[in-house]
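Following: one structure in structure tokens, then a few remarks.
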Amino acid sequence: MSASEDRLDSKTHTRVFRDSVIPKSEFNTALSHDRPKAIILGGQPGAGKGGLTRAASMELSGDVVTIDPDVLREYHPTS
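All residue numbers for the sequence shown refer to the UniProt record's numbering, where the first residue is 1 and numbers rise by one.
Encoded structure:
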């Protein structure tokens, strides 16, 4: 999937995000809205991102919202 070929128009993007992504995310259950923290992980497959994500979740008492591009791909209408 290339970025230019599979770019969604604004209305479709908004609909998919509102109707599919947000309801299945942890945005509504996260408690740290007043003082949010961001941890951005990147790396090759098998580099340990999953383990670091779990460790960060434990450190933050599970009050996290994980944004994983591999999971979000399933919401794209052409996937």
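Where a beta carbon is used, it is the ideal one built from N, C-alpha and C, also for glycine.
- Query: Is DSSP giving Val-64 helix, strand or coil here?
  - Reply: On the sequence shown, residue 64 is found 64 positions in, with the first residue counted as 1. Val-64 falls in the coil class under three-state DSSP.
- Are Val-65 and Phe-27 touching if we call contact CB-CB under 7 Å? By 1-based counting over the sequence shown, the position of residue 65 is 65. By 1-based counting over the sequence shown, the position of residue 27 is 27. Cβ atoms of Val-65 and Phe-27: closer than 7 Å.
- Task: Measuring alpha carbon to alpha carbon, tell me which of Tyr-75, Asp-63 and Pro-77 ends up nearest Pro-36.
- Result: The residue labelled residue 36 in the question sits at position 36 within the sequence shown. Of Tyr-75, Asp-63 and Pro-77, the residue nearest in Cα terms is Asp-63.
- Query: Excluding five sequence neighbours on each side, which residues of the same chain lie with their C-beta closer than 8 Å to the C-beta of Thr-12?
  - Reply: What you label residue 12 is simply residue 12 of the sequence shown in a count that begins at 1. If we look at Thr-12 and ignore the five residues flanking it on each side, its Cβ neighbours are Pro-77.
- Message: Whole angstroms are fine: how far does the CA of Pro-45 sit from the CA of Asp-70?
- Response: Here residue 70 is taken as the residue at index 70 of the sequence shown, counted from 1. Here residue 45 is taken as the residue at index 45 of the sequence shown, counted from 1. One C-alpha to the other measures close to 11 Å.
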